[in-house]
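Reading through the structure tokens given below for one structure.
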Amino acid sequence: MVLAQQKSGKKSCRQIVDGNRAAALGAKLCRIQVIAAYPITPQTPVTEALSEFVARGELNAQYIAVESEHSALTVCASASMVGARTFTATSSHGLAYMHEILHWTAGARLPLVLACVNRALGAPWNILNDQQDSISQRDTGWIQLYARNNQEILDILIQAYKIAESVYVPVMVCYDGFVLSHTDMPVDIPSQELVDRFLPPYKPHTVLDPAKPKNYNLVTLANPRANAEGVLCHGYMELRYLLQEALQNSRETIVKVGEEFGEVFGRSYASLVWENRLDDADIVIVAMGSLAMEAIVAADMLRKEGIKAGVLGLRVFRPFPKLEVVRALRKSRLVVVFDKNISYGSEGATCSESKAALYGSGVKAVVRNFIVGLGGRDVKVEELVNAVKKSLASLKEGALNGEYPEWICNI
Amino acid sequence: MSISAVTLTEEEYLLPGNRSCPGCALSLAYRHILKALAGQAIITVPASCLTVLMGMYPLTSASVPCVNTPFASTGAAATGLVAGLKAVGRRGLTVAAIAGDGGTYDIGIQSLSGAAEREEDFIYICYDNEGYMNTGNQRSGSTPSGAVSGTTPLGKPQNQKDIIAIMEAHGIPYLATASATYPLDLYKKVRKAKEISGTRFIHVFTPCPPGWRFPSSDTIEIGKLAVETGLVALYEIENGIFRLTSASESLALKGNLKPLSEYLGRQGRFKNLTQPQINEWQDRINTRWKAYLKRANEAR
């Protein structure tokens, strides 16, 4: 990092900030032009910080204090269609309320960026952390990136704009509520010059203009249909295919942007996953978000007891890094997946995805799933360690994967 | 220059052969709204009859830039267009949101109210066909009491929501009522609204032959009867000053309203109304018409 700065001659500044501040500073550095947001715990400080930047004249943007999250994302969508770079942030019920517009904006291929401060969903009311909110939006067509710490929040937010505006798919930057949003950590805040060098101005795919009148998102039939010149244009199905193709292809863009980020800022994100001590590990812990950091501590403790554990941290949930997961797990005999979400009646989402990636790959590892940390339930390192040991014991007993996950709670 | 059918611009932004039903008053209203905006506008439209009217990809019947937006979000979509244009420094374009009564009175009222409270700079036009006509005629907050619809098979038990009063309570600078069957009055109001900044609201009465159950040849007559009976009053409220316009202004000078039964009897949707219901409704119209006259006189 120091080397990169010396090379560039530009300074960054290290500050002690919480995750929300890191997100607000990251968005500001991206020269966002329209902000629309509705306060919700634990995202609220992001809205206050951005309002303050605008009020002080530090950020030249329109701040729209909308009356709901549904409107927040709609404002971003139409502002984006006339050429403005936009930002919004939300959590939990706010993200759920945006659900319709999440589908709409991905379908319209608008390169929006949204920060999701992960929080549990009611009922009953709970304002604390888990990842049920963003996981519940996995099929909306948004790219989902997860941060493990506050530096990553700032870094991937800046990358998110470059990714979104390259592939014309919206990007959700997810970070754990309170665990990161309200926890202070040292974060290198890059200079505006460096960010400007990394992130080019936004070029919209669409600019609404009376000189070239077009009607966007109008009714589209299932089958291709000819235009006035007789040229066959896409049907709804073709448009959906193109969105899926864009997400598939975004894998390369995410890696390339992560690599370029490393070149400019000295912190590389040139992979869809984080790998820790996987070279000789035969037991791999899989986790996403801040839990992936805690898992490293758990793996270290297991190593001290002679258990060769490593960690696979999922940095990107959509597109799901199937190849990377297979590569990372190929030497393992046991995979223990911790999920801060639950697909009721099935299992944790990252477990399902990991299993699906392994199917047919030749990797014979047993996969165990534990549901942890829902509604802000503290996840202790010892609990992770014990869960791995319990999974190991089940191997010796010859037991295979259970049909349903284990829960680390009092029932 | 005064505006008449002769001096109205010949430029057409709504093309012939669109997908509206025969006798659709919206088609007439939209044509004149677009003429008044003179092409220098961006339109946003939620799910509604207007979506259908504008056609299916890759063809469209209106030569204006348009953003379709989900049902509840019209006020927010217009807000975003205004904010985006301002952020990128594009000037001289009017943002116009055009939604039906379902999208305005009911599912869209939150985003409209939020935008009006924030004093967002756009024109909001509600074309009111008094029901969810795009889905084949079900009740809305604007369906009049007694009207039969798909979800009120015996007639709607409740009265219409007073959207004008609701919007006026937001303290917006310009508010007008219009009827698709008085296109020059509508045209003038859109032209006037275009020159005012802040949230502007225009309510357009839009007779619907299939939903209201009258022959598609009768649209203009039904629209005229609505005004001549005083059921619909054409007026504008500019910075709080109330003024009757067009046929309603003439009616105020000349005198008597036609009986409401003339209007009701022409539509199948009112077939279940009893005489006491009609009398009660007539009383409400008389009271309201007197209030309009009083308000118009006070403003003078």
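Sequences listed follow chains A and B, in order. The first sequence begins at 0 in numbering that gives the first Met the number 0 and counts up one residue at a time. The second sequence begins at 0 in numbering that gives the first Met the number 0 and counts up one residue at a time. The beta carbon of each residue, even a glycine, is placed where N, CA and C say it ideally should be. What you are looking at is a predicted structure, and each value in this text was computed from that prediction instead of being measured.
The continuous alpha helix (DSSP H) containing residue 285 of chain B extends over residues 274-298. If you look at residue 103 of chain B, you'll find it isn't in any beta strand (DSSP E); DSSP assigns it neither H nor E.
If only complete runs of 4 or more residues are kept, the stretch 264-327 of chain A shows the alpha helix (DSSP H) at 290-303, in order along the chain.
Pairwise C-beta distances place the stretch 178-191 of chain B out of contact with the stretch 105-120 of chain B, as fewer than three of them are shorter than 8 Å. Sixteen is the threshold: since fewer than 16 other Cβ atoms of the shown chains lie within 10 Å of the Cβ of residue 5 of chain B, the residue is exposed.
Between residue 383 of chain A and residue 294 of chain A, the alpha-carbon positions lie close to 7 Å from each other. Residue 182 of chain B: member of the alpha helix (DSSP H) spanning 182-193, first to last residue.
At a beta-carbon threshold of 8 Å, the residues of chain A lying near residue 85 of chain B are 61, ordered along the chain.
Its chain contains 188, 201, 235 as the residues whose beta carbon lies nearer than 6 Å to that of residue 175 of chain B, once the 5 sequence neighbours on both sides are disregarded; these appear in chain order.
One finds 217, 218, 219, 220, 224 in chain A with Cβ atoms closer than 9 Å to the Cβ of residue 55 of chain B, taken in chain order.
Not one beta carbon of chain A lies nearer than 8 Å to the beta carbon of residue 133 of chain B.
Rounded to whole angstroms, the gap between the alpha carbons of residue 150 of chain A and residue 66 of chain B is 37 Å.
Chain-ordered, the chain B residues with CB closer than 7 Å to the CB of residue 232 of chain A read 56, 57. Exposed is the label assigned to residue 57 of chain A, since fewer than 16 other Cβ atoms lie within 10 Å of its Cβ. For residue 213 of chain B, there is no enclosing beta strand (DSSP E), as DSSP marks it with neither H nor E.
The stretch 122-138 of chain A makes no contact with the stretch 227-236 of chain A, as fewer than three CB pairs between them are under 8 Å. Around residue 155 of chain B, the same chain offers 138, 142, 144, 146 as residues with beta carbons nearer than 6 Å, after the five sequence neighbours per side are excluded. The beta carbon of residue 41 of chain B sits closer than 8 Å to some beta carbon of chain A. Looking at the DSSP output, residue 333 of chain A sits in a beta bridge with A/282, A/365.
Beta-bridge analysis with DSSP links residue 406 of chain A to A/370. Among the CB atoms of chain A, one or more fall inside 8 Å of the CB of residue 67 of chain B.
Taken in chain order, the unbroken stretches of alpha helix (DSSP H) that lie wholly in the stretch 84-162 of chain A and span 4 residues or more are 91-96, 98-106, 131-134.
Close partners of residue 66 of chain A in chain B (Cβ separation under 9 Å): 74, 75, 109, 110, 112, 113, 114, 116, 117. Out of B/117, B/64, B/71, B/9, the CA that lies nearest to the CA of residue 92 of chain B is found in B/64. When beta bridges are read from the DSSP output, residue 202 of chain B appears opposite B/125, B/176. Contact with chain A is found for residue 63 of chain B, since one of that chain's Cβ atoms lies less than 8 Å from the residue's Cβ.
Classified as exposed, residue 274 of chain B has fewer than 16 neighbouring CB atoms from the shown chains inside 10 Å of its CB. Counting the other CB atoms within 10 Å of its CB gives residue 124 of chain A a total below 16, which places it among the exposed residues.
The contact set of residue 208 of chain A on chain B, defined by CB atoms closer than 7 Å, consists of 64 in chain order. Scanning its chain for C-beta atoms nearer than 7 Å, with the 5 sequence neighbours on each side dropped, one finds around residue 223 of chain A the residues 231, 232, 233, 234, 237, in chain order. Contact of residue 82 of chain B with chain A is assigned, a C-beta pair being separated by under 8 Å.
Here the alpha carbons of residue 222 of chain B and residue 265 of chain B stand approximately 11 Å from one another. Counting C-beta atoms within 10 angstroms of its own C-beta, residue 241 of chain A has fewer than 16 neighbours from the protein chains shown and is therefore classed as exposed. Taken atom to atom, the span from the alpha-carbon of residue 38 of chain B to that of residue 108 of chain A is near 26 Å.
DSSP places residue 254 of chain A within a helical segment (H, G or I) once states are collapsed to three. In the displayed model, residue 240 of chain B falls within a strand according to three-state DSSP.
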